[in-house]
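> Handing you a structure now.
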Amino acid sequence: MFQPQLLVLFTCLVALSKQQAPPSAPSPAPVPPIGGSGPPPAPITTAQVGPWKPPSGSGGLPPPSLNGMGRQIRINSATDFCILMPPDPTKQNLVDAEANAVAYCTNPVNDTRPMPDGFIKTSHFRHTDKYVQISGTYDPSKMNLSPNDCGGEYDNHGAMGVGNPVGAAVDGAHDFMQFMGGCDIPGNAVFCLRACHGDDSYEYCKNTYDLMGCLWVMPG
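Under UniProt numbering, the first residue of the sequence shown is numbered 1, with each subsequent residue one higher.
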């Protein structure tokens, strides 16, 4: 005769325990993917000109190529400059490529690579008696870089003193530093590269500001 009463009591206890159970923790916010996800970039000129064809080497230097590994960069003008980026953006983000980034140039020479068509959106050139500088905005999709890649800093020092990337240098400069990333200005990926010369070149290319970004270190 007590079985129905026990069943009712058990049902009430179960219902009460469910009401008193602590709420489950909220699901973590999704983390955006970092790095490229598409096929390797296809550096071309324009539809009118056709596929990019590397010029021949000159002065004993190797010619540029789509898979060049050169790291000698330059800043000559708003339309003639190079930027260091991952050799394969589908496998590395900007920080991962600190040790092995290669030069992509608007006018590639010496085993450097051409920039993908439409990659540079804006560019601003600055020349002083202490440094030359290029800064602007870029389209990450043209290079298979993620717009969520906050990027990092490349310079001629690095943790081991051999440069980030190793062996990189800028024509006519003692020191250089480069920032790239999509987090400084929401909706706009920015880049900046400064090459400093003279006895006090490090004062204008201090790699100790490697977390500050373009807007702080190289306003342009």
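Note that the Cβ used here is the ideal one computed from N, Cα and C, for glycine as well.
Predicted, not measured: the structure shown is a model, and the values here were computed from it.
In terms of residues, what are the limits of the alpha helix (DSSP H) holding S201?
For this step, residue 201 is matched to residue 201 along the sequence shown. Residues S201 to Y204.
> Helix, strand or coil: how does DSSP classify V109 here?
As a working mapping, residue 109 is identified with position 109 in the sequence shown. Three-state DSSP puts V109 in coil, outside helix and strand.
> Contact defined as beta carbons within less than 8 Å: I believe N110 pairs with E153. What is the distance between those atoms, to the nearest angstrom?
Your numbering for residue 110 matches position 110 in the sequence shown. Your numbering for residue 153 matches position 153 in the sequence shown. Contact flag wrong, Cβ pair sits at about 24 Å.
> Give the DSSP-derived three-state secondary structure of P219 in the structure shown.
On the sequence shown, residue 219 is found 219 positions in, with the first residue counted as 1. Reduced to three states, the DSSP call for P219 is coil.
> With V102 and G68 assumed to form a contact (beta carbons below 8 Å), what rounded beta-carbon distance in angstroms separates them?
For the purposes of this step, residue 102 is taken as the residue at position 102 of the sequence shown. For the purposes of this step, residue 68 is taken as the residue at position 68 of the sequence shown. With 8 Å as the limit, V102 and G68 qualify as a contact, their Cβ atoms being about 7 Å apart.
> Shortest alpha-carbon distance to D85 belongs to which of S77, P64 and I73?
Looking up residue 85 in the sequence shown gives position 85. With the sequence shown as reference, residue 85 is identified as Met, and Asp is not the correct amino acid for it. The option with the nearest alpha carbon to M85 is I73.
> Cβ of T106 within 8 Å of Cβ of T79?
Along the sequence shown, one-based indexing puts residue 106 at 106. Along the sequence shown, one-based indexing puts residue 79 at 79. Result yes, Cβ atoms of T106 and T79 sit closer than 8 Å.
> For F191 versus S135, is the C-beta distance shorter than 8 Å?
The residue you call residue 191 lines up with position 191 of the sequence shown. The residue you call residue 135 lines up with position 135 of the sequence shown. For F191 and S135, yes; Cβs fall inside 8 Å.
> Mind checking whether K130 and G182 have CB atoms under 8 Å apart?
On the sequence shown, position 130 is the one that residue 130 refers to. On the sequence shown, position 182 is the one that residue 182 refers to. No, they are not a contact pair.
> Which same chain residues, not among the five before or five after F125, have their C-beta less than 7 Å away from its C-beta?
For the purposes of this step, residue 125 is taken as residue 125 along the sequence shown, with counting starting at 1. S77, A78 and I134.
> Strictly by DSSP, which residues pair up with C196?
As a position in the sequence shown, residue 196 is number 196, starting the count at 1. Paired residues: Y131 and D175.
> On the DSSP letters alone, give me the boundaries of the beta strand (DSSP E) that F81 sits inside.
On the sequence shown, residue 81 is found 81 positions in, with the first residue counted as 1. Residues D80 to M85.
> On the DSSP letters alone, give me the boundaries of the beta strand (DSSP E) that E98 sits inside.
The residue you call residue 98 lines up with position 98 of the sequence shown. Neither: E98 is in no beta strand (DSSP E) and is coded neither H nor E.
> Going by C-alpha to C-alpha distance, which of I75, S65, G70 and P64 sits closest to D171?
Against the sequence shown, residue 171 aligns to sequence position 171. That would be I75, whose Cα lies nearest to the Cα of D171.
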